[in-house]
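Notes follow once the structure below has been shown.
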Amino acid sequence: DAGVIQSPRHEVTEMGQEVTLRCKPISGHDYLFWYRQTMMRGLELLIYFNNNVPIDDSGMPEDRFSAKMPNASFSTLKIQPSEPRDSAVYFCASSSGGDEQFFGPGTRLTVL
Amino acid sequence: QKEVEQDPGPLSVPEGAIVSLNCTYSNSAFQYFMWYRQYSRKGPELLMYTYSSGNKEDGRFTAQVDKSSKYISLFIRDSQPSDSATYLCAMTRNFNKFYFGSGTKLNVKP
């Protein structure tokens, strides 16, 4: 298996633009997590899905952020409109509900 | 107060030293405790996992959990330059929602 796949790996955009981050989880995993990592706040859980259904989105910072999982092999995290304080590395992770989460390589987002 | 507190470091040690990394937490409901290792510009990878209180050893790595003190540790013996990375503790009640520490950056000097 190729592991968790994220795209793009790097994204540079201007304030006010829409940003869409994509994730393909490991086949067979029924949990999918979106995290944001910054130096100041560390690794923060934004939202997680179980069987394509959002279970806990309490970490989503505000209405500008939205996440979808239309099927078991694809998820998106959208920021609209983006702001400079959204600059961070965004990780997607998947698991089968056990002790290990498998992380993707991350998307490094810079909002100018 | 954050659910999990971890000293960000950085921690710099000579090769061969014993390294001690620690986290404290506030939620007594946490049952499962993990340590992840993250190399620069990579995603975190699971290093060790412990259930409830006690010790677990895996090669040069030992994880300790003290639930009465809400304190977990990771010890690295005979540290190597290849151990240089950021180490994140994580914990969960039920493998659904995970709470991560902010990570401690470790540098092992040759």
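Residue numbers (my numbering), protein chains in the order written: chain A, 1 to 112; chain B, 1 to 110. Where is the CB? At the ideal position from N, CA and C, for every residue including glycine.
* Asked: How many Å lie between Leu106(B) and Ala67(A) at the Cα?
  -> About 34 Å.
* **CB contact below 8 Å: Phe91(A) versus chain B** => For Phe91(A), the answer is yes, since a Cβ of chain B falls inside 8 Å of its Cβ.
* Does the beta carbon of Met91(B) sit closer than 8 Å to a beta carbon anywhere in chain A? -> No, because no Cβ of chain A sits closer than 8 Å to the Cβ of Met91(B).
* Asked: Just reading off the beta strand (DSSP E) that Met48(B) is part of, what are its end residues?
  -> Met48(B) -> beta strand (DSSP E) spans 45-51.
* chain A contacts from the region 28-50 of chain B (Cβ-Cβ distance under 9 Å) -> Against chain A - using a Cβ distance shorter than 9 Å - the residues of the region 28-50 of chain B are Tyr32, Met34, Tyr36, Gln38, Arg41, Lys42, Gly43, Pro44, Glu45, Leu46, Tyr49.
* Rounded Cβ spacing between Ser12(B) and Ser73(B) (contact assumed at less than 8 Å) -> Ser12(B) to Ser73(B), Cβ: 19 Å. No contact.
* Hey, could you find the ends of the beta strand (DSSP E) Gln6(A) is sitting in? => Note, Gln6(A): beta strand (DSSP E), 5-7.
* Asked: Got a sec, what are the start and stop residues for the beta strand (DSSP E) Ala67(A) sits in?
  -> In the DSSP assignment, Ala67(A) falls within the unbroken beta strand (DSSP E) covering 65-71.
* Where the region 54-87 of chain A meets chain B: residues whose CB sits under 8 Å from a CB there -> Going along the region 54-87 of chain A in chain order, one finds Ile55, Asp56 with a Cβ nearer than 8 Å to chain B.
* Taking Cβ-Cβ distances shorter than 7 Å, what residues in chain B pair up with Gly42(A)? -> Correct list: Phe100, Gly101, Ser102, Gly103.
* Within-8 Å CB hit, Asn96(B) to chain A -> Judged by the 8 Å Cβ criterion, Asn96(B) is in contact with chain A.
* Give the residues from the region 58-85 of chain B that approach chain A closer than 9 Å (Cβ to any Cβ), ordered along the chain. => Within the region 58-85 of chain B, no residue qualifies.
* **CB contact below 8 Å: Pro8(A) versus chain B** => With 8 Å as the cut-off, Pro8(A) does not count as an interface residue toward chain B.
* Curious, which full-length beta strand (DSSP E) runs of at least 3 residues does the region 40-109 of chain B contain? -> Correct list: 45-51, 54-58, 61-66, 71-76, 85-92, 98-100, 104-109.
* **Cutoff 8 Å: Glu18(A) Cβ touching any chain B Cβ** => Residue-level contact check: Glu18(A) does not touch chain B, since none of the beta carbons of chain B fall below 8 Å from its beta carbon.
* Does Leu88(B) get closer than 8 Å to chain A when you measure Cβ to Cβ? -> It does; some Cβ of chain A falls within 8 Å.
* Min CB distance Pro105(A) to chain B below 8 Å -> Closer than 8 Å: yes.
* Compute the distance between the beta-carbons of Pro8(A) and Thr107(A), then report whether it is under 8 Å. => Pro8(A) places its beta carbon less than 8 Å from that of Thr107(A).
* Nearest to Ser28(B) (by Cα), restricted to the options Lys56(B), Val4(B), Gly43(B) -> The closest CA to that of Ser28(B), considering only Lys56(B), Val4(B), Gly43(B), is found on Val4(B).
* Where does Tyr87(B) land, buried or exposed, given buried means 16+ other C-beta within 10 angstroms? -> By the Cβ-count criterion, Tyr87(B) is buried, with 16 or more other Cβ atoms from all chains shown falling within 10 Å of its own Cβ.
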